[in-house]
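Novice:
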Amino acid sequence: MVKRVAIVGAGVSGLASIKCCLEEGLEPTCFERSSDLGGLWRFTEHVEEGRASLYKSVVSNSSREMSCYPDFPFPEDYPNFVPNSLFLEYLKLYSTQFNLQRCIYFNTKVCSITKRPDFAVSGQWEVVTVTNGKQNSAIFDAVMVCTGFLTNPHLPLDSFPGILTFKGEYFHSRQYKHPDIFKDKRVLVVGMGNSGTDIAVEASHLAKKVFLSTTGGAWVISRVFDSGYPWDMIFMTRFQNMLRNLLPTPIVSWLISKKMNSWFNHVNYGVAPEDRTQLREPVLNDELPGRIITGKVFIKPSI
1 MVKRVAIVGA GVSGLASIKC CLEEGLEPTC FERSSDLGGL WRFTEHVEEG RASLYKSVVS
61 NSSREMSCYP DFPFPEDYPN FVPNSLFLEY LKLYSTQFNL QRCIYFNTKV CSITKRPDFA
121 VSGQWEVVTV TNGKQNSAIF DAVMVCTGFL TNPHLPLDSF PGILTFKGEY FHSRQYKHPD
181 IFKDKRVLVV GMGNSGTDIA VEASHLAKKV FLSTTGGAWV ISRVFDSGYP WDMIFMTRFQ
241 NMLRNLLPTP IVSWLISKKM NSWFNHVNYG VAPEDRTQLR EPVLNDELPG RIITGKVFIK
301 PSI
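Just so you know, UniProt numbering puts 208 at position 208 of the sequence shown, and the rest follows in order with no gaps.
Quick look at the structure:
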């Protein structure tokens with residue numbers, strides 16, 4: 001008997017899971033709570049419950065060669081770093097190429113996934129879903145949860161005394177869509193990850209003043225690296241990985257620090273990581289140093 005597999009989410013991972021199941025002779029059924037595939041990469045003007053949200057200007061931080069499915073490269077006319085609209089188009093091309101959409105149930109929310117009473121013997125799961133207000137239940141031999149991890153925003157208001165009496169507007173980056181809302185305003189962005197840095201830079205083109213607060217700093221690099229190549233084609237090679245694994249940590253940290261500072265001196269700009277022995281993923285932004293040096297973005301310590 002053919003094994004049935006439930007797949008939750010029709011984003012990057014969900015689509016790949018459908019394809020792999022079909023190749024292995026399994027019977028996949030994918031449940032997608034929204035009206036279309038794409039997951040994180042499908043931009044909407046409004047935040048949708050239970051789904052990752054992105055702003056209009058989002059571009060991939062990894063190059064197309066490093067971001068594509070191994071058996072389905074991006075079209076040749078796509079740029080090296082892919083805007084969200086083209087990434088969504090690519091996912092639809094992938095779905096069409098391998099006829100994946102026939103396995104997807106849209107506008108279907110998964111309410112519960114539970115082991116069956118005879119799970120110890122059958123290994124089966126009961127999946128309860130709701131479509132247009134109608135509840136359904138089905139039995140599956142396996143479940144693959146492909147919903148990602150960027151669906152629930154963390155807004156620690158307790159960490160900011162006085163925020164509840166603040167007369168201005170505050171919100172999580174999940175709610176951000178366009179920089180127009182910052183026009184002629186004083187803006188504070190808390191957190192120097194990729195989203196925080198992107199938003200601070202975008203806001204600086206319209207806002208009266210922008211402050212970027214960071215607890216521990218970060219390495220900031222451009223997407224354009226040595227000799228004009230994408231950063232990950234230079235930094236993420238087998239040779240570089242071998243060096244990072246073989247050399248002592250202090251030497252690796254020194255080499256990375258030297259490389260990261262080849263674009264601009266992070267100490268002079270107030271963004272150097274506090275713990276430079278931690279080999280954290282760098283922040284990708286092509287404009288931040290220029291916005292800092294021209295007085296458009298001001299770096300501040302933790303709030």
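Cβ coordinates follow ideal geometry from the N, Cα and C atoms, glycine included.
(1) Tell me whether C68 sits in a helix, a strand or coil according to DSSP, three-state version.
(2) Please determine, among G25, R4, R42 and I293, the residue with the shortest C-alpha to C-alpha distance to G11.
(3) Which parts of the region 186-219 are runs of the alpha helix (DSSP H), unbroken and 4 residues or longer, counting only runs that do not cross its ends?
(4) Are the region 154-165 and the region 180-188 touching by the rule of at least three beta carbon pairs closer than 8 Å?
(5) Look at the alpha carbon of Y93 and the alpha carbon of L150, and state the distance between them as a whole number of angstroms.
(6) Can you tell me whether R4 is helix, strand or coil according to DSSP?
(7) For residue 307 and I234, I'd like the C-alpha separation in whole angstroms.
(8) Consult DSSP for M233 and reduce its assignment to one of helix, strand or coil.
(9) Quick one: what's E126 bridged to in DSSP?
(10) Is the region 58-67 touching the region 78-91 in the sense that three or more CB pairs, one from each, lie closer than 8 Å?
(11) Using the Cα positions of L26 and P73, report the straight-line distance between them to the nearest angstrom.
(12) Go through its chain and collect everything with a Cβ distance to I104's Cβ below 7 Å, but skip five positions before and after it.
(13) For the alpha helix (DSSP H) holding I303, just list the boundary residues, first then last.
(14) What are the start and end residues of the alpha helix (DSSP H) that includes C30?
(15) Does the beta carbon of K300 come closer than 8 Å to any beta carbon on chain C?
(16) Evaluate H46 with the Cβ neighbour count: other Cβ atoms within 10 Å of its Cβ, from every protein chain shown; 16 or more gives buried, anything less gives exposed.
Specialist: The short version:
(1) coil
(2) Selected option, being the one with the closest Cα: R42.
(3) 194-204
(4) no
(5) The question names Tyr, yet the displayed sequence has Leu at residue 93. Each residue's alpha carbon lies about 24 Å from the other.
(6) strand
(7) Here the chain has residues from 1 to 303 only, and residue 307 is not among them.
(8) In the structure shown, M233 sits in a helix (DSSP, three-state: H, G or I).
(9) T114 and I139
(10) yes
(11) Taken atom to atom, the span from the alpha-carbon of L26 to that of P73 is near 25 Å.
(12) A10, C30, E32 and L37
(13) First-last for I303: undefined, no H or E at that position.
(14) Run containing C30: none in the alpha helix (DSSP H); it sits in the beta strand (DSSP E), E27 to F31.
(15) Structure shown: chain C not included; a single protein chain is present.
(16) exposed
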